[in-house]
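Visitor:
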Amino acid sequence: MNYDSFYRRSIDQPEAFWAEQADKIAWYEKPKTILSQDKNGFYRWFEGGLMNSCYLAVDYHVEQGRGDKTAIIYDSAATKKVVKYSYVQVQTEVAKIAGALQTLGVCKGDTVVLYMPMIPEAAFSMLACARLGAVHSVVFGGFAPHELAIRIDDARPNVIISASCGIEFDKVIPYKPLLDEAIHLAEHKVSNCLIFQRPILQASMVDGRDIDFISYVNASKSVDCVAVNATDPLYVLYTSGTTGKPKGIVRDNGGHAVALNFSMEYIYDVKPNEVFWAASDVGWVVGHSYIVYAPLIYGCTTVFFEGKPVRNPDAGTFWRVIEDHKVNVFFTAPTAFRAIKKEDAEAKLKTKYDTSSLKSIFVAGERCDPPTLEWLQQIAQVPIIDHWWQTESGWGIVANMMGVERFPVKAGSATKPVCGFDVQVLGENGQQLGANEEGYVCIKLPLPPSCLPTLWNDDERFITSYLNKFDGYYLTGDGGYIDEDGYVFIMGRVDDVINVAGHRLSTGEMEEIVGSHKAVAECAVVGITDELRGQRPIGLVVLKDGADFTQDEMEHELVQLIREQIGAVAFFRNAVVVKRLPKTRSGKILRKTIRQIIDGEQFTVPSTIDDVNILTEIEECIRNRKIGVFQSEAKQAS
1 MNYDSFYRRS IDQPEAFWAE QADKIAWYEK PKTILSQDKN GFYRWFEGGL MNSCYLAVDY
61 HVEQGRGDKT AIIYDSAATK KVVKYSYVQV QTEVAKIAGA LQTLGVCKGD TVVLYMPMIP
121 EAAFSMLACA RLGAVHSVVF GGFAPHELAI RIDDARPNVI ISASCGIEFD KVIPYKPLLD
181 EAIHLAEHKV SNCLIFQRPI LQASMVDGRD IDFISYVNAS KSVDCVAVNA TDPLYVLYTS
241 GTTGKPKGIV RDNGGHAVAL NFSMEYIYDV KPNEVFWAAS DVGWVVGHSY IVYAPLIYGC
301 TTVFFEGKPV RNPDAGTFWR VIEDHKVNVF FTAPTAFRAI KKEDAEAKLK TKYDTSSLKS
361 IFVAGERCDP PTLEWLQQIA QVPIIDHWWQ TESGWGIVAN MMGVERFPVK AGSATKPVCG
421 FDVQVLGENG QQLGANEEGY VCIKLPLPPS CLPTLWNDDE RFITSYLNKF DGYYLTGDGG
481 YIDEDGYVFI MGRVDDVINV AGHRLSTGEM EEIVGSHKAV AECAVVGITD ELRGQRPIGL
541 VVLKDGADFT QDEMEHELVQ LIREQIGAVA FFRNAVVVKR LPKTRSGKIL RKTIRQIIDG
601 EQFTVPSTID DVNILTEIEE CIRNRKIGVF QSEAKQAS
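First residue of the sequence shown: 1, per the UniProt record's numbering; consecutive thereafter.
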């Protein structure tokens, strides 16, 4: 198939193109309109279509005589446990959980929050919500109570499903105390919590609110799928916003199913019955799209992995899973491979395993840096495909579409736009830029199926966050350029959201937390380059006059404050006390310049800077703390 003609048709004739793709899934009633606009002028896909995402992912395959095929392989490196579930077994588990939720009063359109580790019950619970037409909102397991409380207040769930603990390496992380604190902090009070008690840790239960998951589900009756509109929400997933308040990304049922089904064939070049493994977490969009929904809708076997790429027991874990389960297509974040490379640079552990089943490796979640790409190409000897997408899109925006036409890989580029995404690079005034000119990466409307139609209960923020910058375009928030061959290069965020090992976190929110300390007069938090995680935040703080804190004391307290408010995922490890912050004459803190100093990049001193001498002072403070490029200098000197 020719990419250019296939892609061009998706842009020039979107309704005809996506009508053909919609015919590939099983509708209760086919859509009456392929592309429309609602009362707010927002684009909607497949209006009038009736369907159910759980039916597509589970029941449909059972009806087609594939019930005995393996649907989910649960592989827990943390507990050394492997369980395989057929489509019939998944159907049985999901139908009973749906029955339990229905008994607790959950109906079509209600919301349920999931705060779960990577256990099969997390996937079953997501599908159970979809079965009822309820909206699930998964919060990354282990997120701090403050963050969970914000999401509870925004989603306003009828029920919360959680577990007693998560397991990382040899460490047990009690979830229940975090959940209890979040419920205490939240204004919205939840009537019932279903708690899955893991054998390794039994959580204490709150009388009248907490219900034992296992016994309650086992006593529940199975229920069938409820028909929903294609435009009804399937889930809400929160992503960091620049204001500190997370944005609730809404995913609809119809567009999501059609786009994910399309992506399995044309992006990942996978076949039904093959084994697809996305090493992620259901707290992230990758877990929603490519651990749960896409593989099951398409009829693949999906690997549900609990563990880390290293120390479970070693950096050969990924290769072991690929051999054990004959994985055909593997998908994870570059940060996972950087962790493996750090511990096994020569890939000696890989030689212990037979990975011949593997056809390709896909990476996403952050830019795949050229050294990691080259290392993977050398050791894996299969195509390494970087692709770029967002929580907002739910699937790949830019990719090497392996099921269409395979292009040579260019380091630093995710290759070319995926069908349906009219990707353009615009200048400050909205003009389309030429080849190799860096600007705002935007997508011309309408967005293709699966992309967010709006934000949860916040149409105005949807407009201001994504649509106001350039008329007729969706603002991705990333900067980059398109080269003369049509390859897209994403260079990084244009706002203050950073990507720490796949977690999108707001430095603006961290500044609010750091600034709340009684001794801090003002502060700046910037994202600096981190070899393992892609980025990590550090803080620069100016203390109030008379504040009696040493540098080490201040750093310790601020690190703890971020950990309590956001969680360990932020990887906030450094807070440097400085006399003053570099600013423009208008008072804007020069965050980009601070980052460039710490990363050792060449930079031009802004003409609007208030006092150029402050940059030398900042550099000296950073050098003394041996952070960023100065850490490398110190290592070389020693």
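Beta carbons: idealized from backbone N, C-alpha and C, even for Gly.
1. Using a Cβ distance threshold of 8 Å, determine whether the stretch 167-186 contacts the stretch 114-133, with at least three qualifying pairs required.
2. Can you tell me whether DSSP reads residue 261 as helix, strand or coil?
3. Using the rule of at least 16 other Cβ atoms within 10 Å of the residue's Cβ for burial, across every protein chain shown, is residue 93 buried or exposed?
4. What does DSSP give as the partner residues of residue 522 in its beta bridges?
5. Mind reading off the beta-carbon distance from residue 579 to residue 617? Whole number of angstroms is fine, and I expect it under 8 Å.
6. Quick one: is residue 8 buried, meaning 16 or more other Cβ sit within 10 Å of its Cβ, or exposed?
7. Could you tell me whether the stretch 326-340 touches the stretch 53-68, using the rule of 3 or more Cβ pairs below 8 Å?
8. Would you mind working out which of 194, 184, 183, 148 sits nearest residue 164, comparing C-alpha positions?
9. May I have the straight-line CA-CA distance separating residue 132 from residue 463, to the nearest angstrom?
10. Could you tell me if residue 107 is buried or exposed, where buried requires 16 or more neighbouring beta carbons within 10 angstroms of its beta carbon?
11. Sorted by chain position, which residues of the same chain lie with C-beta nearer than 6 Å to residue 275's C-beta, five sequence neighbours on each side aside?
12. Give the single residue among 512, 122, 453 whose Cα lies nearest to the Cα of residue 391.
13. With residue 145 as the anchor, note down where its beta strand (DSSP E) starts and where it stops.
14. Could you check which residue in 467, 415, 482, 471 has the C-alpha nearest to that of residue 643?
15. Taking the CB atoms as reference points, tell me whether residue 551 and residue 576 lie closer together than 9 Å.
16. Taking the straight line between their C-alpha atoms, what separation do you get for residue 161 and residue 196?
17. Using DSSP's beta-bridge definition, name the partner residues of residue 50.
18. Given residue 28, which residues of its chain have a CB within under 6 Å of its CB, disregarding the five upstream and five downstream residues?
19. May I have the straight-line CA-CA distance separating residue 443 from residue 507, to the nearest angstrom?
20. Classify residue 584 as buried or exposed, calling it buried when 16 or more other Cβ atoms lie within 10 Å of its own Cβ.
21. Do residue 357 and residue 385 have their C-beta atoms closer together than 9 Å?
22. Can you have a look at residue 554 and say buried or exposed, based on whether 16 or more other CB atoms are within 10 angstroms of its CB?
23. How should residue 565 be labelled, buried or exposed, when 16 other C-beta atoms within 10 angstroms of its C-beta is the threshold for buried?
24. Do you know offhand how far residue 265's Cα is from residue 403's?
25. Check residue 503 in the structure and name its three-state DSSP category.
26. Taking 7 Å as the limit between beta carbons, can you name the residues of its chain near residue 376, skipping five residues before and five after?
27. Rounding to the nearest angstrom, what Cα-Cα distance links residue 269 and residue 411 in this structure?
28. Using DSSP's beta-bridge definition, name the partner residues of residue 127.
29. From which residue to which residue does the alpha helix (DSSP H) around residue 198 run?
30. Please classify residue 642 as buried or exposed, where buried requires at least 16 other C-beta atoms within 10 Å of its C-beta.
31. Would you check if the distance between the CB atom of residue 120 and the CB atom of residue 87 is smaller than 9 Å?
32. Nearest to residue 97 by CA position, among 129, 71, 253, 84, is which residue?
33. If we ignore side chains and look at the alpha-carbon of each, how far apart do residue 500 and residue 89 end up?
34. Report back the beta-carbon spacing between residue 310 and residue 346 to the nearest angstrom; my notes put them in contact at under 8 Å.
35. Measure the CB-CB distance between residue 140 and residue 503 and report whether it falls below 9 Å.
36. Alpha carbon to alpha carbon, how far is residue 85 from residue 46?
Guide: In short:
1. yes
2. What you label residue 261 is simply residue 261 of the sequence shown in a count that begins at 1. Reduced to three states, the DSSP call for residue 261 is helix.
3. Position 93 of the sequence shown, counting from 1, holds the residue named residue 93. Under this definition residue 93 is a buried residue.
4. Along the sequence shown, one-based indexing puts residue 522 at 522. Answer by DSSP bridge pairing, in chain order: 542.
5. Position 579 of the sequence shown, counted from the first residue, corresponds to residue 579. Position 617 of the sequence shown, counted from the first residue, corresponds to residue 617. 6 Å between Cβ atoms; contact.
6. On the sequence shown, residue 8 is found 8 positions in, with the first residue counted as 1. So residue 8 counts as exposed.
7. no
8. Position 164 of the sequence shown holds residue 164. If we check each option's Cα against that of residue 164, 194 comes out closest.
9. Indexing the sequence shown from 1 puts residue 132 at position 132. Indexing the sequence shown from 1 puts residue 463 at position 463. Computed Cα separation, rounded: 30 Å.
10. Within the sequence shown, numbered from 1, the residue matching residue 107 stands at position 107. Residue 107 comes out exposed.
11. Sequence index remark: in the sequence shown, residue 275 carries index 275 (1-based). Here the set comprises 301, 325, 326, 327, 328.
12. Start at 1 with the first residue of the sequence shown, and residue 391 comes out as number 391. Nearest of 512, 122, 453 to residue 391, Cα basis: 453.
13. Stepping through the sequence shown from its first residue, residue 145 is reached at position 145. Unbroken run through residue 145 is the alpha helix (DSSP H), 145-155; no beta strand (DSSP E).
14. The first residue shown for the chain is 1 and the last is 638, placing residue 643 beyond what the model contains.
15. Taking the sequence shown and counting its residues from 1, one reaches residue 551 at position 551. Taking the sequence shown and counting its residues from 1, one reaches residue 576 at position 576. Yes, these two residues count as a Cβ contact at 9 Å.
16. Sequence index remark: in the sequence shown, residue 161 carries index 161 (1-based). Sequence index remark: in the sequence shown, residue 196 carries index 196 (1-based). Using only the alpha carbons, I get a separation of about 8 Å.
17. Here residue 50 refers to the residue found at position 50 when the sequence shown is read from its first residue. 29, 229.
18. As a first step, residue 28 must be located in the sequence shown, where it is residue number 28. Excluding residues within five positions, the ones whose Cβ falls inside 6 Å are 50, 51, 227.
19. The residue you call residue 443 lines up with position 443 of the sequence shown. The residue you call residue 507 lines up with position 507 of the sequence shown. Roughly 25 Å between the two C-alpha positions.
20. Working through the sequence shown from its first residue, we reach residue 584 at position 584. Result: exposed.
21. On the sequence shown, position 357 is the one that residue 357 refers to. On the sequence shown, position 385 is the one that residue 385 refers to. Contact: no.
22. Counting from 1 along the sequence shown, the entry for residue 554 is found at position 554. Label assigned to residue 554: buried.
23. Taking the sequence shown and counting its residues from 1, the one referred to as residue 565 is at position 565. Buried is the call here.
24. Stepping through the sequence shown from its first residue, residue 265 is reached at position 265. Stepping through the sequence shown from its first residue, residue 403 is reached at position 403. Roughly 6 Å separates the two Cα atoms.
25. Looking up residue 503 in the sequence shown gives position 503. The answer is strand: DSSP assigns residue 503 an E or B state.
26. The residue given as residue 376 occupies position 376 in the sequence shown. The residues are 337, 361, 384.
27. Sequence index remark: in the sequence shown, residue 269 carries index 269 (1-based). Sequence index remark: in the sequence shown, residue 411 carries index 411 (1-based). Approximately 21 Å, taken between the alpha carbons.
28. Here residue 127 corresponds to residue number 127 of the sequence shown, with the count starting at 1. None, per the DSSP bridge assignment.
29. Sequence index remark: in the sequence shown, residue 198 carries index 198 (1-based). That residue, residue 198, is in no alpha helix (DSSP H); it is neither H nor E in DSSP.
30. Here the chain comprises residues numbered 1 to 638, so residue 642 is not present and cannot be evaluated.
31. Locating residue 120 in the sequence shown gives position 120, where the first residue counts as 1. Locating residue 87 in the sequence shown gives position 87, where the first residue counts as 1. Not in contact: residue 120 and residue 87 (Cβ atoms no closer than 9 Å).
32. The residue you call residue 97 lines up with position 97 of the sequence shown. Measuring from the Cα of residue 97, the nearest candidate turns out to be 129.
33. Within the sequence shown, the letter at position 500 stands for residue 500. Within the sequence shown, the letter at position 89 stands for residue 89. Cα to Cα, the separation comes out at about 37 Å.
34. As a position in the sequence shown, residue 310 is number 310, starting the count at 1. As a position in the sequence shown, residue 346 is number 346, starting the count at 1. Between residue 346 and residue 310 the Cβ distance is about 15 Å, and since that is not below 8 Å, they are no contact.
35. Taking the first residue of the sequence shown as position 1, residue 140 is located at position 140. Taking the first residue of the sequence shown as position 1, residue 503 is located at position 503. The answer is yes: Cβ separation under 9 Å.
36. Against the sequence shown, residue 85 aligns to sequence position 85. Against the sequence shown, residue 46 aligns to sequence position 46. Spanning the two alpha carbons is a distance of roughly 32 Å.
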